[in-house]
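Notes for the one structure printed next.
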Amino acid sequence: MFGAKGYGITDDTVAIQVALDYAAEAHRVSHAEFLNGRYKFSGSGSIFISKFVSLVGDKAEIKRSKTM
């Protein structure tokens with residue numbers, strides 16, 4: 044829905060942050076769900092997770108990549 048690929052190759056930083064922001068702003072949603080996959084976010088950036096949002100996933104891996 045937000046464009047994260049979860050292939051372990053693509054930089055999913057923007058898509059992950061958009062999903063987390065949506066969950067924080069949509070008052071009826073309290074979690075961001077990640078499907079099975081390997082999600083990368085770039086090492087130079089940070090991901091902000093609101094204290095009201097939980098990460099949910101079945102065999103999902105979110106890793107920071109220093110090489111992106």
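Numbering (the numbering used here), first residue to last: 44 to 111. All residues carry an ideal CB built from backbone N, CA and C; glycine is no exception. Because the structure is a prediction, the values reported are computed rather than measured.
Quiz item: Taking C-alpha atoms, which residue in 80, 82, 97 and 103 lies nearest to residue 63?
Solution: The residue labelled residue 63 in the question sits at position 20 within the sequence shown. If we check each option's Cα against that of residue 63, 97 comes out closest.
Exercise. Scan the segment 82 to 107 and note each continuous beta strand (DSSP E) run of 3 residues or more that stays entirely inside, going in chain order.
Key: 97 to 100
Exercise. Tell me, to the nearest whole angstrom, how far the beta carbon of residue 107 is from that of residue 91; I am working on the premise that it is less than 8 Å.
Key: Residue numbering aside, residue 107 sits at position 64 when the sequence shown is read from its first letter. Residue numbering aside, residue 91 sits at position 48 when the sequence shown is read from its first letter. Separation of the CB atoms of residue 107 and residue 91 is rounded to 14 Å, and the pair is thereby denied contact status at 8 Å.
Exercise. Give the single residue among 93, 94, 75 and 89 whose Cα lies nearest to the Cα of residue 100.
Key: Within the sequence shown, residue 100 is the residue found at index 57, counting from 1. Closest in C-alpha terms to residue 100, from the list 93, 94, 75 and 89, comes 75.
Practice problem: Tell me whether residue 64 sits in a helix, a strand or coil according to DSSP, three-state version. | Solution: For the purposes of this step, residue 64 is taken as residue 21 along the sequence shown, with counting starting at 1. Residue state, collapsed to three classes: helix.
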